[in-house]
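So the structure is just underneath, and the comments pick up after that.
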Amino acid sequence: MRLILLGPPGAGKGTQAKILVEAYGIPQLSTGDILRAAIAAKTQLGLEAKAIVDRGDLVSDTIVNGIVSERLDAEDCRPGFILDGFPRTIAQAEALDQMLADKGIALDAVIEIKAEADELVKRVINRAKESGGARADDNEEVLRKRLGVYSEQTAPLVEYYAGKGLLKPVDGMAPVEEVTAAIKSALGK
Numbered sequence: 001m002r003l004i005l006l007g008p009p010g011a012g013k014g015t016q017a018k019i020l021v022e023a024y025g026i027p028q029l030s031t032g033d034i035l036r037a038a039i040a041a042k043t044q045l046g047l048e049a050k051a052i053v054d055r056g057d058l059v060s061d062t063i064v065n066g067i068v069s070e071r072l073d074a075e076d077c078r079p080g081f082i083l084d085g086f087p088r089t090i091a092q093a094e095a096l097d098q099m100l101a102d103k104g105i106a107l108d109a110v111i112e113i114k115a116e117a118d119e120l121v122k123r124v125i126n127r128a129k130e131s132g133g134a135r136a137d138d139n140e141e142v143l144r145k146r147l148g149v150y151s152e153q154t155a156p157l158v159e160y161y162a163g164k165g166l167l168k169p170v171d172g173m174a175p176v177e178e179v180t181a182a183i184k185s186a187l188g189k
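Laid out in structure tokens, this is it:
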């Protein structure tokens, strides 16, 4: 099973990814984790990325796409994978389409975990209270900024994947177990 999880920050993508990893025995591929692993492994792209990160700059799409492509070639991705945080833009989605075509594989679905911005802010504020503010991004100002970036850059992927017949929307504001059940139902599992 080859999936992409889409949804705004705080919608529960990470929580659902962990559940799906357990349920289907496929890895969750987070671009941040992939990037850190490539840097640690000192791959050619990892070394290029490290130099960029060390300068305090953002890693280019070309390098991110290359690192994702390398990761998709790993043995544990043969039965499938869950992409979380990639693609973030139409350009990255088009690059992903090309890399998957080059590898002779296709996506099975793009799960959109839908959630309203104001409800997400309430959720994050509650999480901050319960955890004592353990996460740096657990505040309204940071979350609203991240939601704005999502709306501008990543939300267009909803229409992109709907046009390809891959989009499966689920209500991310439901309890965790209900969201999981909706995802499994959308996947026909």
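Under the UniProt record's numbering, the final residue of the sequence shown carries the number 189; numbering is consecutive throughout. For glycine and all other residues, C-beta sits at the position ideal for the given N, C-alpha and C.
Only counting the same chain, and skipping five residues up and downstream in sequence, which positions put a Cβ closer than 6 Å to that of residue i?
i    : result
A117 : L147
K42  : none
D89  : Correcting the residue identity first, residue 89 is Thr in this sequence and not Asp. So the qualifying residues of the chain are Q153.
E140 : V121
G32  : none
Any idea which residues DSSP pairs residue i with across the strands?
i    : result
R88  : The partner list for R88 (beta bridge, DSSP) is empty, contrary to what the question assumes.
V110 : I4 and L167
I19  : Paired residues: none, contrary to the question.
Q28  : I82
Within 10 angstroms of its Cβ, does residue i collect 16 or more other Cβ (buried), or is it exposed?
i    : result
L157 : buried
G12  : buried
A101 : exposed
Q28  : buried
K168 : buried
Q16  : buried
R55  : exposed
V149 : exposed
S185 : exposed
G165 : exposed
G25  : exposed
Kindly give me the distance between the Cβ atoms of residue i and residue j, rounded to whole angstroms, as I take these residues to be in contact under 8 Å.
i    : j    : result
A49  : I39  : 6 Å
Y66  : L45  : Residue 66 is actually Gly in this sequence, not Tyr. Rounded, the Cβ-Cβ distance is 5 Å, consistent with contact.
V110 : I4   : 4 Å
I113 : G172 : 4 Å
Among the residues of its own chain, which have a CB less than 8 Å from the CB of residue i, if the five just before and after it don't count?
i           : result
A93         : P87, L157, Y160 and Y161
residue 190 : A query on residue 190 cannot be resolved here, the shown segment of the chain reaching from 1 to 189 and no further.
A91         : D61
A106        : R2 and L100
A182        : V170, D171 and A174
R144        : A117 and V121
Open item on the list: With a threshold of 8 Å, are at least 3 pairs of Cβ atoms found where one atom belongs to the stretch 52-65 and the other to the stretch 76-83?
Closed with: no
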